[in-house]
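Numbering (the working numbering), first residue to last: 695 to 875.
Quick notes on the structure that follows.
Now the structure itself:
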């Protein structure tokens, strides 16, 4: 499930930073490494109402906030265990790549600290996943529907544009209005 949220956050970051309209995209896309990929995407074959899309954006924002809070907790756990974040990440990356721990330049104490931190982090990740699922369901979407919409957004430029419009609308509503003297 966390993979879906990570992909969504990448999508949000990309669409929020993208300032081109579809008409401008053809000329401006020449230097864009994502342009070819985007042009090859086929529209998703699901209907997503404006209400569902708003619920999706709301729940995605809430899950992103949860992830950011948990990330701070994870960093604190790593530091409490006495291992620096860079070393922790190096060991974690080696584990993910299937690399032997003997091949990386870390002490056995760092390995022990990594193991202790990883156990605590796994507990925090389980809590995070539960909190994220609750945030999605509180927005009015089921987890399955959230994932369907997420996949559709990744494949459908029109849905991406609709998400971007909703995000821009929400950002403008959150902007403080200038007070008159």
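C-beta atoms are modelled at their ideal positions from N, C-alpha and C, and glycine is treated no differently.
If you're wondering where the values come from, they're calculated on a predicted model, not measured in any experiment.
Asked	Found
Enclosing alpha helix (DSSP H) for residue 752 [first to last residue]	744-774
Cβ separation of residue 808 and residue 785, assumed to be a contact under 8 angstroms, to the nearest whole Å	5 angstroms
Rounded C-alpha distance that separates residue 758 from residue 765	10 angstroms
Three or more C-beta pairs below 8 angstroms linking the stretch 774-794 and the stretch 855-870	no
CA-to-CA distance, residue 819 to residue 825, given in whole angstroms	10 angstroms
Continuous alpha helix (DSSP H) stretch holding residue 778: start and end	Taken as a continuous stretch (DSSP letters only), residue 778 belongs to no alpha helix (DSSP H), as it is neither H nor E.
For residue 829 and residue 856, the rounded distance between their alpha carbons	21 angstroms
Runs of alpha helix (DSSP H) lying entirely within the stretch 815-861, each at least 4 residues, in chain order	837-849
Beta-carbon proximity of residue 861 to residue 751, cut-off 8 angstroms	yes
Cβ-Cβ distance between residue 840 and residue 748 below 8 angstroms	no
Residue 701 in three-state terms, based on DSSP	In this prediction, residue 701 scores a pLDDT of 41, lower than 50, which makes its location untrustworthy; no coordinate-derived value is stated.
Assigned exposure category for residue 854 - 16 Cβ within 10 Å defines buried	buried
Own chain residues within Cβ distance below 8 angstroms of residue 760, not counting five before or after	822, 825, 826 and 829
Residue 724, buried or exposed, once every other Cβ within 10 Å from all chains shown has been counted against 16	With a pLDDT of 46 at residue 724, under the threshold of 50, the modelled position of this residue cannot be trusted, and the question is left open.
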